[in-house]
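Take a look at the structure below.
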Amino acid sequence: MRVKAYVEITNVCNLACAFCPGTKRSPRFMTPEEFALALDRLRGFVSYVYLHVMGEPLLHPALGELLSAADERKMKVCITTNGTLLPEALDTLLAAPCLHKLSVSLHSFEGNNGAASEELAYLQRVWDSANALARGGVICALRLWNEGGLDSRNESILGFLRRQTGRDDWPEPRRGSFLLGERLYLERDIKFDWPDLSAPETHTQYCRALRDQLGVLCDGTVVPCCLDHEGDLALGNLFEQTLPEILDTPRARALTEGFGRRRPAEELCRRCGYAERFNL
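For the sequence shown, position 252 matches number 441 in our numbering, and the numbering has no gaps at all.
Here's what the structure looks like:
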């Protein structure tokens, strides 16, 4: 069984962050019927469903219905969001027993050149929403995955979090997770480079794609991981095929075998900056 599947319920976003490559695919929202079909075909093969590839999942107009579909199937859901819509979506999220974890990309604010005067209000809304969810039993991670990138406001963000926790004994790791409160974490990491065919090839590497994760784009296209934001490595379509049929295709088998030998079969995978993390 794979650990997780990234299911892109929409590729539409309300922000245009500098660290995100975006997508040239047509804007689309996965319908509740399509999402239910995807869950049925993933059930028994993955433990967690992550609502994330491109797009902002909290924009989906039928988010509550989608979460109910996951709950009916006893599947755990994790959501990654930029946090701007959390107050509006809070009641829906609190009412979802299937919600296991919420990750908020705090570096989204700086990525959009947000005015400093608006930063405090944004952080307060995220903090209040995350605390409400944590009290409700949801693991909440506040992310700063931008070390070495657009990180000039990190100190003001960290200062806000210190004031909220009332603690001054924080360690200073630039990578890793730090407990802020019960079920509430700060996650820090370096900026990574998305896979790009124009990027230089990385050294021989291992990747967890198709071994403990895979992605499903909003049109049903199955890809090896959440970083294939354009569906360049399309393996099949979950709306039309079963997962075993897709994973048994020559391309999927070559990918899995190549990563096992630390010799990625696809050129895009050989030009992925994120996979460098597995070699650290």
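Where a beta carbon is used, it is the ideal one built from N, C-alpha and C, also for glycine.
Taking His241 as reference, the option from Asp382, Glu376, Ser292 with the minimal CA-CA separation is Ser292. Distances from the CA of Asp317 to each of Leu283, Thr199, Arg342 were compared; the closest alpha carbon is that of Leu283.
Taking C-beta separations shorter than 6 Å and ignoring five residues to either side along the sequence, the partners of Ala398 in its chain run Pro413, Cys414, following chain order. Excluding sequence positions up to five before and after Gly370, its CB lies within less than 8 Å of the CB of Asn320, Ala323, Thr354, all in the same chain and listed in chain order. Closest by C-alpha distance to Trp383, out of Thr220, Arg459, Leu231, is Arg459. As the crow flies, the alpha-carbon of Ala310 is around 11 Å from that of Phe349.
When DSSP reads this structure, Leu368 sits in a beta bridge with Tyr374. Under DSSP, Glu336 shares a beta bridge with Ile379. Ile268 is bridged by DSSP to Leu240, Leu291. Per DSSP, reduced to three states, the secondary structure at Arg324 is helical. Put simply, the backbone Cα of Thr270 is about 25 Å away from that of Phe234. Looking at the backbone, the Cα of Gly244 and that of Glu197 are separated by about 7 Å. Per DSSP, Thr445 is one residue of the alpha helix (DSSP H) stretching across 439 to 449. Excluding five sequence positions before and after Ala278, the CB atoms of its chain that fall closer than 7 Å to its own CB belong to Leu247, Leu252, given in chain order.
Within a 10 Å sphere around the beta-carbon of Asp357 sit fewer than 16 other beta-carbons, which makes this residue exposed. Its Cα nearest to that of Asp340, the residue Ser294 stands out among Gly325, Gly425, Pro360, Ser294.
Here Gln402 is buried: its Cβ has 16 or more other Cβ atoms, across all protein chains shown, within 10 Å.
Counting the other Cβ atoms within 10 Å of the Cβ of Pro453 gives 16 or more, which makes it buried. Per the DSSP secondary-structure output, Lys263 pairs with nothing in a beta bridge. When C-alpha distances from Arg230 are compared across Met264, Pro250, Leu416, the shortest belongs to Met264. For Thr354, the enclosing alpha helix (DSSP H) covers residues 343 to 354. Within the same chain, Arg459, Arg460 come within 7 Å of Glu390 by CB-CB distance, once the 5 residues on both sides are set aside.
The shortest CA-to-CA distance from Trp334 to any of Ala227, Ala258, Cys209, Ala423 is the one to Cys209. Short of 7 Å from the beta carbon of Gly325, and not among the five residues preceding or following it, lie these beta carbons of its own chain, in chain order: Leu283. Ranking Arg450, Leu406, Ser297, Phe428 by CA distance to the CA of Glu223 puts Phe428 first. Taking all protein chains shown into account, Leu228 has 16 or more neighbouring C-beta atoms within 10 Å of its C-beta and is therefore buried.
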